Each structure stands twice: as C-alpha cells, then as structure tokens.
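Working notes for the structure below.
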C-alpha cells in the first residue's frame, strides 16, 4: 500500500530526475506543490511548457533564445569581431553578468570527452570554424572551464582555427583572483604553479 | 538587455519560489528543462497539473489523497480505534514508512503559533475532537514535532479531548534512539535531561 497517492508519487519521481534533486528534496517540492494555491502551481507548469515551446538555439551562436538570431547576435551595438566560446548557456549568462564583455558568443554544449563518447562532431565546433572563416572576426576567446576537458577542447579548437588566421586566446586561470593563497584548493594552487608565467 | 529570454527568466522565478531553492539552483533547474527533450519537460508540467487536479484532503483525516476517504481511512485492515495526530502529510508518510503503525491518522496542517497568527481554529483540531467524541476511538497518539509549538499544541489537544475520556498519549522524545550522547545536539541533550523519567 503506497503512502503517497499515485499522482503525488509521479510528481516526486519527475522532480527526482532533475539534477541535484534527491528523494528528500523531491518530496519537499511535491508537498509544496500540494500546499500552494492551484493558480501558483499551474503557473509553474505553464512556465515549463512555454520555455519548451518558445526557446530555441540561436542559428548563429547556439545560445538559447526566443528570437533568432538571439538578442546578443542581433544587437548592433555589440562587437561582431569578437567571439567568446563557452561550454553552456549558463556560462554565457555568468559572463554577461560581469557587464564587461561586448562581443558575441558561441555555445559548444559540452566539451570533447572520449570517455563519455563525446567527440568534436557532437559539439558546435564546425559551426564555430565556419563563423571564424567567414571573415570579420578578429579574435576567438576560449572561455571553457579550467579543467582537463576544457584544456583539451581549447587545444582542439585552437588547432582547428589555425588556418583561418584568426587570433585565438584563452581566459586566464589559476588561483581565483581576489581569493587568498591559503584558501585556494590544492588543485587550483598546484595548477597555478604549473601554469606560471613570466612576471611582467 | 536581459541575459535570459523572457520565458526562461519566468521559469527561473517560478522555481525560485519553491522552498529551499535559491537563485543558483533555480537557474540550474531551468537550464535542465531547456536541455531535456520536450516530452520529458512536458511530463513534469503535466505531473504538476494532475496533482492539483486530483489530490484533495481526505474528509476524515485530512491526509492528501486521490480517493475520499483516503486509502488509509478506507482500509478495513487498519485499526480505527487508534488515531495518530501529525502536523503535515510528510510526517504521516515518515510514520507509514516505519511499517509499524496500523491505526488511522489525523493531519493538523500546522501547530498553534500565536506569533505567526495561527490559532486552533486554523488547524483541523475541531474535526479531531469530533472524531474522538463519536465513539470507537480508544487512543489518540500525538506525534507532533518535539519543539515548543509541538509541545503547546499537544497540551491544547490533550485538554480539548479530556471530556471525551479517550486516552491521549504523545510519542517519546529526547536524544535520538540509536544515536550517541556525545553526538546529540545540545538542545536535544538538555531537553532529554529535563524530560527524564524514572528508570524502569
């Protein structure tokens, strides 16, 4: 005999499929849905529906957007000669929130990871190469995560873009700026040592 | 210029209204919804809709259920002379999962809390008193949280049921059974000292 009605058990199962949501949290969220007024719960259901209906990858940069091209690619005030390459849309959002970058983007949707069966052809790298080859691009900035997959994918892209003569750079990494040496993780610290540069 | 398309920003806002979901988690959940196939996302939307459509409080015990009376109140194998009183449906689920209780329940939906403006009339206490007065009930077991509000509400209910002559008990509390003294919280330990009982 189940302790939850069938529809509640289904909702818990759906919540549990989400990243970082365990059984306990899924139960708590379902209880919350039970408790709130119907119109509030249906607004959440509707928001999910709308996102799937309206949001598509931009045909130029592959950012998730309601317009195509997206509001960044379509913005005449942005510098089209700069392309910042990120792994995921959330990375683009994080960079946008700094308010310091005025170029365009390119979203890869992952990194090359042979162990997970992800090759270059599963990412948007060919489209990036086509953008760079088309002219009008002066620099491709690789803002992939500072880890092994990010390193490997950055190397792959740099090599792939070699013949376009476009400058390819990568954002700096090491110990976090503004943090302290003794509060850095061992891996960040040892990596920052390994990647040491001549002092200016 | 927003970094998220409008529908994505709405979805993030809806996720953020949920308990224990901060901005970062809400963004992560929205990105997840963007990434998964439409049919998976719509299944979540549908599950929310179904719960609000089908689940109602049981007219007898107020447990959230699709049937009325609920599957517990309607189960002829359960002992109708025992009523276990809990604050929330999730407490009922926790007790059901122990597999050791075979009586019925009564869900209060909160505790008396004058500071939050919650009085006895906002809970299902009158309905509980009516159930106890109707006869056939031998014991009301109070399984409210072992905190100040749970204590106060338990006292209130015990007093309210006095004239029904039904036995009113409360689950034991103190340091957690199976735990260790030196790993108990200070408050659990000091409360267990205050509530000490004659050794059998």
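Protein chains in written order, with my numbering: chain A, 73 to 272; chain B, 73 to 272.
Built from N, CA and C at the ideal position, the CB exists for glycine as well.
All of these numbers come straight from a predicted model, not from anything done at the bench.
Between the options, which has its C-alpha nearest residue i's C-alpha?
i                      : options                       : result
residue 273 of chain B : A:226, A:261, A:188 and A:165 : Residue 273 of chain B is absent from the model: chain B starts at 73 and stops at 272.
residue 155 of chain B : B:213, B:251, B:249 and B:86  : B:213
residue 128 of chain B : B:114, B:218, B:143 and B:269 : B:143
residue 244 of chain A : A:105, A:237, A:113 and A:226 : A:226
residue 178 of chain B : B:186, B:204, B:90 and B:171  : B:204
residue 218 of chain B : B:175, B:125, B:89 and B:183  : B:183
residue 163 of chain A : A:120, A:222, A:270 and A:87  : A:222
residue 85 of chain B  : A:112, A:84 and A:89          : A:112
residue 211 of chain A : A:238, A:261, A:176 and A:96  : A:238
Could you tell me the distance, in whole angstroms, from the CA atom of residue i to the CA atom of residue j?
i                      : j                      : result
residue 253 of chain B : residue 230 of chain B : 31 Å
residue 73 of chain A  : residue 173 of chain B : Because the pLDDT of residue 73 of chain A is 43, which lies under 50, any placement of that residue in the model is unreliable, and the number read from its coordinates should be weighed accordingly. Residue 73 of chain A and residue 173 of chain B: Cα-Cα distance of roughly 13 Å.
residue 265 of chain A : residue 246 of chain A : 8 Å
residue 101 of chain A : residue 107 of chain A : 10 Å
residue 257 of chain A : residue 123 of chain B : 45 Å
residue 76 of chain B  : residue 98 of chain B  : 13 Å
residue 240 of chain A : residue 87 of chain A  : 41 Å
residue 89 of chain A  : residue 208 of chain B : 44 Å
residue 267 of chain A : residue 259 of chain A : 12 Å
residue 140 of chain A : residue 91 of chain A  : 28 Å
Consider the Cβ of residue i: report whether some Cβ of chain B lies at a distance smaller than 8 Å.
i                      : result
residue 154 of chain A : no
residue 215 of chain A : no
residue 263 of chain A : no
residue 159 of chain A : no
residue 88 of chain A  : no
residue 137 of chain A : yes
Mind checking if residue i is an interface residue toward chain A, Cβ cutoff 8 Å exclusive?
i                      : result
residue 120 of chain B : yes
residue 73 of chain B  : A caution first: residue 73 of chain B carries a pLDDT of 44, below 50, which makes its placement in the model too unreliable to give a value.
residue 173 of chain B : no
residue 76 of chain B  : yes
residue 176 of chain B : no
residue 92 of chain B  : yes
residue 97 of chain B  : yes
residue 211 of chain B : no
residue 116 of chain B : yes
Which residues mark the beginning and the end of the beta strand (DSSP E) in which residue i is found?
i                      : result
residue 178 of chain A : 175 to 179
residue 257 of chain A : That residue, residue 257 of chain A, is in no beta strand (DSSP E); it is neither H nor E in DSSP.
residue 112 of chain B : Here residue 112 of chain B belongs to no beta strand (DSSP E); instead the alpha helix (DSSP H) covers 110 to 126.
residue 212 of chain A : 211 to 214
Could you give the first and the last residue of the continuous alpha helix (DSSP H) run that contains residue i?
i                      : result
residue 241 of chain B : No alpha helix (DSSP H) holds residue 241 of chain B; the beta strand (DSSP E) holding it covers 239 to 242.
residue 104 of chain A : 95 to 107
residue 268 of chain B : Segment: none, residue 268 of chain B is in no alpha helix (DSSP H) and carries neither H nor E.
residue 228 of chain A : 220 to 232
Which ranges would you report for the alpha helix (DSSP H) in the stretch 151 to 176 of chain A if only whole runs of at least 4 residues count?
-> 161 to 170
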